[in-house]
Each structure stands twice: as C-alpha cells, then as structure tokens.
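S.K.: The following block contains the structure, expressed as structure tokens.
In the working numbering, the protein residues as written are 1 to 242.
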C-alpha cells in the first residue's frame, strides 16, 4: 500500500449527445487535463427522438432544468413536452464520430501527465443495463450487440472493460440483472452520478431525477451485487459532467 498512488479521473463524460460535440473534443480535453490525471469519455452511441404528448394534453409541470438530457426542454424556460426515446445511431454516424473522438484522445494523451482512454456508452436493447465500454487503446470498434452476453463475448477478445452505471433502476429497464454480470469484465460499478445513488435502496440520494427511469429498486443496487457474491468495485462519475 505504501507504493500506491491516488489518481483522479473522469470515467463518464458523455460526448456527441446533440448530433455534434459542443464544446469540441479539443476544448473538452484541454479543460479535463487542467485538473484530472486521466480521462475516459463516454461517446454517446444513441440518438433520440421526441414522443409527442397526447392531443389536447395541458401541461402544468414547470420546466425541468436538471436530470437526464432526454427530459430537459430544448429551451430552458419552456415547459415539459414529454420524454424522448433513444435508438442507436446509424453506422455512418457512429464510425465518423468515433473516429473524431479517438483522434482527440490520441492527440491529448501525455504519458505520465494525462492519460486518455477511449470509451463509449453501450445500451443494447435497453434490458441489460447501461454499460460504459472502456478500451485500453484506440483502434477498436464500437460493438453494437443487443444483449450483454454477446457484448461480453466480444470484449473477452480485446483489452476492455464494461462498467455498469445507474444500476438501481428497475432490473431489465436500463438496469442490470446482476446474475448476468461477469466481474472479470465488469470489475467496477458506477454507484453515484447525476442519476443519484445506486449503492442501496435507502434513497438518501434517490434515483428520481429522471421520471422515465426511476425510482430506486433494491434488486439492482450495488449492495445487491455484493450480496450475490460479485467481486466488484465502486466508482463515482458525473454522467454528463454536471
């Protein structure tokens, strides 16, 4: 332990969430290396589209200025207009944006000073829990498998890990069933972010920022993973750099 050091980093800063990266990756990484030791951006693989409100619906809810981007209005002062659904981006867009993302991580990598890792958010078909896939080096593709076992099969062949996040939502609805988790590939779980705390179901910081995903469920908490015998560490990240 005497020889171990502490390094501070960001492992879940979503990028390319609006059809383009604002601010640019160069600006993002210049800012990151001003106060971090390492950076793992989570290139955002889905795109979103609105689900319209019912005809004649009268909204009385105030603007939602916090929480998940899918529930925030396009104009901050505007009222809520319903949720947005997500689906994976088309192949051309994925490949173009991923190449831009990796180009930036290569250019800003400074051994011994600032270490960058390429990574992306994997959602599959939405029933296996969201995971951030992190690669040891650039040059690997985005895997678009729809289920977690198939993703794991891919990742076992490359230097990679898959970190589950906001796990305390309902299992099977953007949160994992821990029985499917391979703790050799998923050695950590993100237990705290803008979504709230996934450590337990006590809700001292509840999973209620995003009404289309919450609230907290006990079966998929970090505590439940440990109870089931998983050897899995805990990390905290921002999930959108909030």
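The beta-carbon is built from N, C-alpha and C at its ideal position, and this holds for glycine as well. Just so it is clear, the structure is predicted and the values come from calculations on it, not from any experiment.
How would you write the range of the beta strand (DSSP E) that residue 117 sits in, first residue to last?
M.R.: The residue you call residue 117 lines up with position 117 of the chain shown. Unbroken beta strand (DSSP E) run through residue 117: 115-117.
S.K.: Kindly identify the DSSP beta-bridge partner or partners of residue 220.
M.R.: What you label residue 220 is simply residue 220 of the chain shown in a count that begins at 1. None; residue 220 has no bridge partner.
S.K.: Which residue marks the beginning of the alpha helix (DSSP H) containing residue 7, and which one marks its end?
M.R.: Locating residue 7 in the chain shown gives position 7, counting from the first residue. Element bounds for residue 7: n/a, residue is neither H nor E.
S.K.: Leaving out five residues on either side along the sequence, give the residues of the same chain with a beta carbon under 8 Å from the beta carbon of residue 135.
M.R.: Residue 135 sits at position 135 when you count from the first residue of the chain shown. Cβ within range, chain order: 117, 118, 119, 158, 159, 160.
S.K.: Going along the chain, which unbroken runs of the beta strand (DSSP E) with 3 or more residues stay wholly within the region 147-176?
M.R.: Segments of the beta strand (DSSP E) lying fully in the region 147-176: 160-164.
S.K.: What number of angstroms, rounded off, separates the C-alpha of residue 95 from the C-alpha of residue 87?
M.R.: Taking the chain shown and counting its residues from 1, the one referred to as residue 95 is at position 95. Taking the chain shown and counting its residues from 1, the one referred to as residue 87 is at position 87. When rounded, the distance between both Cα atoms is 16 Å.
S.K.: Could you tell me the distance, in whole angstroms, from the CA atom of residue 154 to the CA atom of residue 35?
M.R.: Working through the chain shown from its first residue, we reach residue 154 at position 154. Working through the chain shown from its first residue, we reach residue 35 at position 35. Distance between the alpha carbons of residue 154 and residue 35 is about 34 Å.
S.K.: For residue 167 and residue 229, which I take to be in contact (beta-carbon distance under 8 Å), what is that distance rounded to the nearest angstrom?
M.R.: In the chain shown, the residue the question calls residue 167 occupies position 167. In the chain shown, the residue the question calls residue 229 occupies position 229. Incorrect: roughly 16 Å between the Cβ atoms, too far for contact.
S.K.: Can you tell me whether residue 7 is buried or exposed, with buried defined as 16 or more other CB within 10 angstroms of its CB?
M.R.: Taking the chain shown and counting its residues from 1, the one referred to as residue 7 is at position 7. The residue is exposed, with fewer than 16 neighbouring Cβ atoms inside 10 Å.
S.K.: Skipping 5 residues on each side, what residues in its chain have a beta carbon closer than 6 Å to that of residue 192?
M.R.: Taking the first residue of the chain shown as 1, we reach residue 192 at position 192. The residues are 236.
S.K.: In chain order, what are the residue ranges of uninterrupted beta strand (DSSP E) at least 3 long that sit wholly in the region 36-60?
M.R.: You should have 38-44, 46-50.
S.K.: Go through its chain and collect everything with a Cβ distance to residue 44's Cβ below 8 Å, but skip five positions before and after it.
M.R.: Looking up residue 44 in the chain shown gives position 44. Same-chain partners within the cutoff: 14, 15, 16, 17, 120, 121.
S.K.: Would you report the Cα separation of residue 233 and residue 85, rounded to the nearest angstrom?
M.R.: By 1-based counting over the chain shown, the position of residue 233 is 233. By 1-based counting over the chain shown, the position of residue 85 is 85. Computed Cα separation, rounded: 31 Å.
S.K.: Could you check whether residue 223 and residue 238 sit closer than 8 Å to each other, using their CB atoms as the reference points?
M.R.: Position 238 of the chain shown holds residue 238. Position 223 of the chain shown holds residue 223. No.
S.K.: Residues in its own chain within less than 6 Å of residue 127 by CB, not counting five upstream and five downstream?
M.R.: Sequence index remark: in the chain shown, residue 127 carries index 127 (1-based). Counting only Cβ-Cβ distances below 6 Å, and skipping sequence neighbours, we find 172.
S.K.: Run the CB neighbour count on residue 210, radius 10 Å, all protein chains shown included, and call it buried at 16 or more, exposed below.
M.R.: Here residue 210 refers to the residue found at position 210 of the chain shown. Classification for residue 210: buried.
S.K.: Go through its chain and collect everything with a Cβ distance to residue 208's Cβ below 6 Å, but skip five positions before and after it.
M.R.: Here residue 208 refers to the residue found at position 208 when the chain shown is read from its first residue. Taken in chain order, the residues that qualify are 214, 215.
S.K.: Can you tell me which of 212, 149, 182, 50 puts its alpha carbon nearest to the alpha carbon of residue 231?
M.R.: Residue numbering aside, residue 231 sits at position 231 when the chain shown is read from its first letter. It is 182.
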